[in-house]
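Those sequence lines, one after another, are chains L and P. When we follow our numbering, the leftmost residue of the first sequence carries the number 1, and every step to the right adds one. When we follow our numbering, the leftmost residue of the second sequence carries the number 1001, and every step to the right adds one. To keep things clear, I will list the structure first and then write my remarks on it.
Protein chains: 2
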Amino acid sequence: MESPDSPNVAVEIEKGPIGVFDSGIGGLTVVAALQQLLPAEQIFYIGDTARVPYGGKSRRTIERYSVEIAGLLLAEQAKLIVVACNTASALAVPRLKQLFNLPVQGVIDPGAAAAVRSTRNGRIGVIGTRATIASHAYEQAIHALAPDARVFAEPCPVLVPLIEEAWFEDAITDQVLRRYLDPLLTEGIDTLVLGCTHYPLLREAISRAAGEAVTLVDSAHNCALAVNEILKSQSLAAPERQLGSLQVALTDASEGFLRVAEEALELEIGDIQLRAVQAAG
Amino acid sequence: MESPDSPNVAVEIEKGPIGVFDSGIGGLTVVAALQQLLPAEQIFYIGDTARVPYGGKSRRTIERYSVEIAGLLLAEQAKLIVVACNTASALAVPRLKQLFNLPVQGVIDPGAAAAVRSTRNGRIGVIGTRATIASHAYEQAIHALAPDARVFAEPCPVLVPLIEEAWFEDAITDQVLRRYLDPLLTEGIDTLVLGCTHYPLLREAISRAAGEAVTLVDSAHNCALAVNEILKSQSLAAPERQLGSLQVALTDASEGFLRVAEEALELEIGDIQLRAVQAAG
């Protein structure tokens, strides 16, 4: 029988969930990728829907919001923080790593690394929100690995609302995609990074518009692979016999797009918890 | 010669600008309507771009943000506050009227009144963002004036991003409009309220999609008419010989859509001022 005094911190940590946060609902695509790869893991997701979107706000504000949400995940005993938001990944991950003594994984580095592995001709396209494209975060991450790669970036602000309308298989969506992708295809890209956590929901339509010659790099899937590496290398993985679970909390009561994402991603989300954050009053 | 002790508060107030605020840039359509109707007026506009959008946030938060921004307009000696934002008009105008001892004009009541005046068959359509439609503010304002009117409301979340892309005359926009308006046209509406301050920028395309039989009610234009009434009845109008002016301040440095709106609305916006607000850190 175990002594009540024996140090079992490692065991405690192993039992904690993977903490995932996003400014809103889009980060659930990362949750779906995590569940597919790591079915034994518990996941605690927080969407900061009271302050969505982070894009367009200043670095200081995004750092403050991210630190606050990550703190809520620590309160849930998270063993690892996944920043499932491109804007927060671009701007707040260094600050989170500085402040918190646990692994922090964003979505940009894994996506950039996968793009560099995938490309044959060194011409990589990136699509994302205006804020993500303006941050040049993917370009910088790609150039850190492959200084000679050519990166062609296109902001696609109409895609998120189309996805939130669930117009996944839709003539309008196909036309919007052709308009956004044509300039990238003209540049001869052979790899396209889906640089927004909403976009995997549109993967099939994007694939049709980009054509067979272009490999899609899904940052949600590649982020899940990176998380798996951390869990293995730091012995944080849940026991394989364990049955995983998912808990979802939002910072504002509106559920709107949540149920669209739940259905499209085939997630099982039960009751939604509510968490208060400062600036939402 | 006037005594230096004579009370000249009324004269001072007359010199102040019309203060206009919106959660972002869309309220500039109200500014354009004000300039067209009242070319002698000075206008001070603040867009709360650090916290845009208000839609989807709680009443308490929207009240707090609105009070803070209206306070910034008071600091600019505003003689009247125009709430050029449908969400803030729906949720914060009563609180502003309670707190501030000067006229406060929102966009919803004038739009509702114009719709009631316009309709012949009592069947009124309303389009707006998800937050505005979910607030039922137009329905309530219309029913207060015409209890028997039938109101058919449709949230159109894809329209704002299309407008921010400046896809005004565009086959994609036409298709999106047809999809949103068809259910309203099937209900036999003869009047359609443009219940979002962005939408006047899309007036021609909306008019095409709605057909000649439907009268469009532009809440920006009707809000300007209501402001004109207040200025006249309270003797607050600027002297007619005065040349009007426009100053614009934002709460976040990103200007993105501002320049699209400036061009489309033929506004003359010079340097943008920056104003700090609490929750933007």
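Built from N, CA and C at the ideal position, the CB exists for glycine as well.
Buried or exposed, going by whether 16 or more other CB atoms sit within 10 Å of the CB of residue i?
i: L/Pro-4; result: For L/Pro-4, the predicted model reports a pLDDT of 49, less than 50, meaning its position is unreliable and no value from the coordinates is stated.
i: P/Gln-1273; result: exposed
i: L/Lys-15; result: exposed
i: P/Ser-1233; result: exposed
i: P/Gly-1111; result: buried
i: L/Glu-63; result: buried
i: L/Asn-222; result: buried
i: L/Arg-51; result: buried
i: L/Leu-37; result: exposed
i: P/Arg-1117; result: exposed
i: L/Arg-95; result: buried
i: L/Thr-186; result: exposed
i: L/Ile-18; result: buried
i: P/Ala-1303; result: With chain P running from 1001 to 1281 in the structure shown, residue 1303 of chain P is simply not present.
i: P/Asp-1022; result: buried
Comparing the C-beta of residue i with each C-beta of chain P, is any distance below 8 Å?
i: L/Glu-169; result: no
i: L/Leu-72; result: no
i: L/Arg-130; result: yes
i: L/Gly-19; result: no
i: L/Glu-68; result: no
i: L/Glu-212; result: no
i: L/Glu-349; result: Beyond the ends of chain L as shown, which are 1 and 281, falls residue 349 of chain L; an answer cannot be given.
i: L/Glu-165; result: yes
i: L/His-198; result: no
i: L/Arg-275; result: no
For a cutoff of 8 Å on Cβ pairs, would you count residue i as touching chain L?
i: P/Pro-1161; result: yes
i: P/Ala-1050; result: yes
i: P/Lys-1015; result: no
i: P/Arg-1120; result: no
i: P/Ser-1058; result: yes
i: P/Ile-1272; result: no
Mind listing the chain B neighbours of residue i? Cutoff is C-beta to C-beta under 7 Å, in chain order.
i: P/Asp-1174; result: Checking the listed chains, one finds no chain B in this structure; the protein chains it contains are L and P.
In the DSSP output, what is residue i paired with across the bridge?
i: L/Ile-46; result: L/Phe-21, L/Ala-249
i: L/Ile-81; result: L/Gly-19, L/Val-104
i: L/Thr-215; result: L/Thr-191
DSSP on residue i, reduced to helix/strand/coil?
i: L/Gly-244; result: coil
i: L/Leu-236; result: coil
i: P/Ala-1153; result: strand
i: L/Gly-125; result: strand
i: P/Leu-1274; result: strand
i: L/Phe-168; result: coil
i: L/Pro-94; result: helix
i: P/Ala-1261; result: helix
i: P/Ala-1040; result: coil
i: P/Asp-1148; result: coil
i: L/Arg-59; result: helix
i: P/Ile-1163; result: helix
i: L/Val-158; result: coil
i: L/Ile-269; result: coil
i: L/His-136; result: coil
i: L/Ile-200; result: Looking at the sequence shown, residue 200 of chain L is not Ile but Pro. Here L/Pro-200 sits in helix by DSSP.
i: L/Arg-64; result: helix
i: P/Pro-1053; result: coil
i: L/Val-120; result: In the sequence as displayed, the identity of residue 120 of chain L is Arg instead of Val. Note: L/Arg-120 maps to coil in three-state DSSP.
Determine which residues of the stretch 1084 to 1096 of chain P have a Cβ less than 8 Å from any Cβ of chain L, and write them out in chain order.
none
Residues of the stretch 1132 to 1157 of chain P with Cβ closer than 9 Å to any Cβ of chain L, in chain order
Ala-1134, Pro-1157
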